[in-house]
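For reference, the structure discussed in these notes is given below.
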Amino acid sequence: MPEIAFVNDAFMPLSEARVSVEDRGFQFGDGVYELLRIYAGVPFHLTEHLGRLEQSARAIGIPLPYTQDRWAAVIAEAVSRSGFPEAKVYIQVTRGVAPRDHVPTGSMTPTVVVTVRAIVPLPSALYAGGADVATVPDIRWARCNIKSVGLLANVLAKQQARDAGAVEALFVRAGHVLEGATSNVLIVRGQCLVTPPEGPLLLSGVTRRVVLGLAQEAGVAVKERPVTEEELYASEEVMLTGTTIEVLPVARVNGRPIGEGAPGPVTRLVMARFHAARG
Ligand code: PLP
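Residue numbering for the sequence shown follows the working numbering, starting at 199 and increasing by one per position.
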């Protein structure tokens, strides 16, 4: 089954997809993106992902070239052409192609790329036993709520975590834990599910919001407030959320066990609720 790309209004195999070297996404990281998950052929929380794409694009002044209906139709067709019922879809929109100049001048046509790839799940042992994560200093900019294609700090953080034998890096800024390199972080303290509040220093995760809602429905108290690194180590449970990892229990942070060093009851409850919600 082929991996599919849609580039500026045309579908093609991913291996044949091309953009110009003058594209501002390539030259400057001047663009935004979304990643969404397809379960049994159907996009999960498409409206929320398209809403965040709109917000990211607006924040950096890129006019989105398609309506929500058009995005939905492109994604549906790309998924259907791929034949992958379980897939991940990336949408990337850059400011467009122009001779290299930091200042974007003249009218540019945004470059649109949509790709469909098969899902490669994390090993099931990580969900059963919990994952290792490592903290890293947050060297990112101060607009982390924009889902920018400029991901160098996230790439370096993830590499640093891998080198330390961890699957995810947790960004710490001024003593506070904000989020993972590709995930949001939630802790359990006194049976309450706690996560850092939305704002410019973290991405407003779609999975994070879904999980907070599911936890509340299940009678778990939920609080959005700052979390210190010290508090992280003292947590009863820690979990990560993200479009591809879904809900991932954390067993150890920097080698220090969290709680019993295994998925705790609130995490297991939330995981079960999430599995039921995604179908
Ligand atoms: N935070 C960052 C930095 C991310 O890159 C991601 C997803 O890739 C998330 C959080 C989780 O967001 P979502 O649940 O919408 O996938």
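Here a beta-carbon is modelled for each residue, glycine too, at the ideal position from N, C-alpha and C.
Residues that residue i bridges to, as DSSP identifies them
i, result
"residue 211", "202"
"residue 365", "Bridge partners of residue 365: none, in fact."
"residue 370", "335 and 375"
"residue 218", "Answer is none; residue 218 lacks a bridge partner."
Residue i, enclosing alpha helix (DSSP H) - first and last residue
i, result
"residue 361", "350-361"
"residue 320", "Careful: residue 320 lies outside any alpha helix (DSSP H) and carries neither H nor E."
"residue 222", "222-226"
Beta carbon of residue i nearer than 8 angstroms to that of residue j
i, j, result
"residue 229", "residue 314", "no"
"residue 303", "residue 294", "no"
"residue 359", "residue 365", "yes"
"residue 386", "residue 434", "yes"
"residue 255", "residue 287", "no"
"residue 426", "residue 373", "yes"
"residue 444", "residue 405", "yes"
"residue 436", "residue 448", "yes"
"residue 328", "residue 461", "yes"
"residue 330", "residue 376", "no"
"residue 413", "residue 312", "no"
"residue 280", "residue 201", "yes"
"residue 244", "residue 234", "yes"
"residue 394", "residue 342", "no"
"residue 237", "residue 284", "yes"
"residue 475", "residue 408", "yes"
"residue 416", "residue 454", "no"
Enclosing beta strand (DSSP E) for residue i [first to last residue]
i, result
"residue 330", "329-335"
C-beta neighbour in chain E for residue i, strict 8 angstroms
i, result
"residue 366", "Absent from the structure: chain E. Only one protein chain is present."
Length-filtered (3 minimum) beta strand (DSSP E) runs lying within the region 375-463: 382-387, 390-393, 420-422, 435-440 and 444-451
Contiguous alpha helix (DSSP H) assignments of at least 4 residues, all confined to the region 228-315: 244-257 and 266-280
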